[in-house]
Amino acid sequence: MLPELSIERIFRREIDSLPLPPERSWIPDRQTARRSIPLTALVLAATVALVLGAVVTARDVGDAAATGRRGVSTAPLLNAPRPTCLRGGCNVYRSDAFGYGIVIPADWRVAPPLRGRTLPGGALERVDLTRQTPDEWILAFGASLIVPWDVVLEVHERRDVLAMDWARADGCGVNPCVTGQTTIGGSPAYAASWAVSPSLRMHAYYVERGERMLILRYVTGPGSEGPHGVTERTLEQIVGSIALD
């Protein structure tokens, strides 16, 4: 009976039948072996370093993915814009109720509310920013609803009234008026300016904010400079510093 042939025996027989090169060409001598040991160690060290690097990278990627799944982020969060006094010498008035903040010089202040005074036109909020002393401001306020060289902020229910129509109702419609589009606190605003008397001029900015209207006003005159060295440039800078949430 013929012996049973397996695939292993067939391959072994074929391999055994292959001629081998001379022994010197494939068995290194001792000197060559000694020279190859450092090289082999270096190759092994590099391989271990690559494997460890791959493991660490894979772990970091896995941790980052897990962190993303948990909703945790190491990136700084962006806060709502808030005006700041970068160089000092100023103050910030902020209305959290109506989502705005504005920078005023250090020698300015928020005028105190007058006893018995009602907000004009059903305003939700009114803030008077002034450079004048309390006594000066009370005396000046008695002659006008807006003290010249002050900045006034008002918040109203908009009731679908457009900024242009609001300006006309304020006085721009019955007086020669200069109007234009601008940007206040990063939002579109309607700017209007008109004379309220031969020596006084109103400047107003209307910002539509959903269901509400934010209005910034100031009056200049008489002359080009108000009490305590306030100029129109001062008022423009205060209005331009406003930040809206």
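Numbering (the numbering used here), first residue to last: 7 to 251. Backbone N, C-alpha and C define an ideal beta-carbon position, used for all residues, glycine too.
### Query
Based on the DSSP output, what are the partners of L222 in its beta bridges?
Within the sequence shown, numbered from 1, the residue matching residue 222 stands at position 216. Answer is L159 and Y211, bridged to L222.
### Task
Note down, one range per segment and in chain order, each alpha helix (DSSP H) of at least 4 residues found wholly within the segment 93-134.
none
### Message
Determine whether the beta carbon atoms of V161 and R218 lie at a separation below 9 Å.
### Response
Here residue 161 corresponds to residue number 155 of the sequence shown, with the count starting at 1. Here residue 218 corresponds to residue number 212 of the sequence shown, with the count starting at 1. Taking 9 Å as the Cβ cut-off, V161 and R218 qualify as a contacting pair.
### Task
Measure the C-alpha to C-alpha separation of T139 and Y106 and round it to an integer number of angstroms.
Along the sequence shown, read from residue 1 onward, the residue named residue 139 stands at position 133. Along the sequence shown, read from residue 1 onward, the residue named residue 106 stands at position 100. C-alpha separation (whole angstroms): 25 Å.
### Message
Applying the 10 Å Cβ sphere with the 16-neighbour rule, what's the burial state of P119?
### Response
Taking the first residue of the sequence shown as position 1, residue 119 is located at position 113. Exposed: under 16 other Cβ atoms inside 10 Å.
### Task
Check each candidate in T136, G186, L145 and A169 and name the one with the smallest Cα separation from H234.
Start at 1 with the first residue of the sequence shown, and residue 234 comes out as number 228. Of T136, G186, L145 and A169, the residue nearest in Cα terms is T136.
### Query
To the nearest whole angstrom, what separates the beta carbons of T226 and E242, a pair I think is in contact under 8 Å?
For the purposes of this step, residue 226 is taken as residue 220 along the sequence shown, with counting starting at 1. For the purposes of this step, residue 242 is taken as residue 236 along the sequence shown, with counting starting at 1. Rounded, the Cβ-Cβ distance is 10 Å, inconsistent with contact.
### For S205, the residue or residues it bridges with in DSSP
Position 199 of the sequence shown holds residue 205. S205 pairs with nothing; no bridge assigned.
### Task
List the DSSP bridge partners of E231.
The sequence position of residue 231 within the sequence shown is 225, counting from 1. Answer is T237, bridged to E231.
### Task
From the DSSP output, read off the bridge partner residues of C178.
In the sequence shown, the residue the question calls residue 178 occupies position 172. Bridge partners of C178: none, in fact.
### Query
Roughly how many angstroms separate the alpha carbons of W172 and V153, rounded to a whole number?
Against the sequence shown, residue 172 aligns to sequence position 166. Against the sequence shown, residue 153 aligns to sequence position 147. Each residue's Cα considered, the two are about 21 Å apart.
#### Entry: Which listed residue (I108, D141, L125 and G186) has its alpha carbon closest to that of L151
Counted from its first residue, the sequence shown places residue 151 at position 145. Here the closest residue by C-alpha is L125.
### Cβ neighbour criterion (16 or more within 10 Å) applied to D141
Against the sequence shown, residue 141 aligns to sequence position 135. Result: exposed.
### Beta-carbon proximity check, L206 vs E163, cutoff 9 Å
Walking along the sequence shown from the start, residue 206 turns up at place 200. Walking along the sequence shown from the start, residue 163 turns up at place 157. Contact flag unset, no.
### Message
Less than 9 Å between the C-beta atoms of I110 and R100, yes or no?
### Response
Here residue 110 refers to the residue found at position 104 when the sequence shown is read from its first residue. Here residue 100 refers to the residue found at position 94 when the sequence shown is read from its first residue. It is not a contact, given that the beta carbons lie outside the stated cut-off.
### Query
How far does the alpha helix (DSSP H) with I144 in it reach, from first residue to last?
Translated into positions along the sequence shown, residue 144 becomes position 138. Counting along the chain, the alpha helix (DSSP H) containing I144 begins and ends at P140 to F147.
### Task
Classify I244 as helix, strand or coil using the three-state DSSP reduction.
Along the sequence shown, one-based indexing puts residue 244 at 238. Reduced to three states, the DSSP call for I244 is helix.
#### Entry: Contact belief for C183 with W200 at Cβ below 8 Å, rounded distance in angstroms
Counting from one through the sequence shown, the residue named residue 183 turns up at place 177. Counting from one through the sequence shown, the residue named residue 200 turns up at place 194. Right, their Cβ atoms sit about 4 Å apart.
### Query
Rounded to a whole number of angstroms, what is the C-alpha to C-alpha distance between P188 and D176?
Your numbering for residue 188 matches position 182 in the sequence shown. Your numbering for residue 176 matches position 170 in the sequence shown. According to the sequence as given, residue 188 is Thr; it is not Pro. Cα-Cα distance, rounded: 18 Å.
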